[in-house]
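Here is the structure we will look at, set down as structure tokens.
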Amino acid sequence: MGFPLPHPMRLALDLAADAASRGEVPVGAVIMRGDEVIAAVANAMHHGADPTAHAEIEAIRVAATRLGHQRLDDCDLYVTLEPCAMCAGAISHARLRRLYYGADDPKGGAVAHGPIFFSQPTCHHRPEIYAGIGEAEAARQLRDFFRERR
2 MGFPLPHPMR LALDLAADAA SRGEVPVGAV IMRGDEVIAA VANAMHHGAD PTAHAEIEAI
62 RVAATRLGHQ RLDDCDLYVT LEPCAMCAGA ISHARLRRLY YGADDPKGGA VAHGPIFFSQ
122 PTCHHRPEIY AGIGEAEAAR QLRDFFRERR
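Residue numbering for the sequence shown follows this note's numbering, starting at 2 and increasing by one per position.
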């Protein structure tokens, strides 16, 4: 018997599913401050013709605008896929307090794979990291999405 997913990760997974239905890679991200949802978005690279429109970047943009400050040090990020190097850098610069992510990304991830960004001496801020939250569903969404395109 598994534990119920935290509400923010359930929301991120639902956003990822919606993104897949629109032809976007299914990744969803939610930024929380306490019990308040500050940002809830999904990947928007394809439809926005923007290679930087990863869910994490979009969520950070929305949260910073909404809160009126680039520092999100009292906020937590939930994302369905291990962040890439670009997103890990943005997470560090935004000073997010905690990172919760679902599926590992051995090819493009930068938290537990690749450069392991937050362990680098040039990284100025390291969030608390919690991996594997909703991992099975997040991985299934990604596998199904890419299987349909092959």
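We put the CB at the ideal spot given by N, CA and C, even for glycine.
Query	Result
Enclosing beta strand (DSSP E) for V38 [first to last residue]	37-43
Distance between beta carbons of M33 and D77, contact taken as under 8 Å	5 Å
Rounded distance between the beta-carbons of R72 and H48, thought under 8 Å	H48 to R72, Cβ: 29 Å. No contact.
Distance, L6 Cα to A60 Cα	20 Å
Secondary structure of E129, DSSP reduced to three states	strand
Whether E83 touches G110 by CB criterion (8 Å)	yes
L100, enclosing beta strand (DSSP E) - first and last residue	99-104
Check whether D105 and A95 have beta carbons under 8 Å apart	no
Cross-strand partners of G154 (DSSP beta bridge)	Outside the displayed span of the chain (2 to 151) sits residue 154, for which this structure offers no information.
Cβ-Cβ separation, G103 to A139 (assumed contact under 8 Å), whole Å	3 Å
Alpha-carbon to alpha-carbon, S120 and R62	24 Å
C-alpha gap between R99 and R144, whole angstroms	26 Å
Bridge partners - I92, DSSP secondary structure assignment	None, per the DSSP bridge assignment.
Beta-bridge pairing of L14 - partner residues as DSSP gives them	Beta-bridge pairing links L14 to no other residue.
Exposure label - T53; buried when at least 16 CB within 10 Å	exposed
Anticipated Cβ contact below 8 Å, P27 with F118, distance rounded	Not confirmed; about 23 Å, so no contact.
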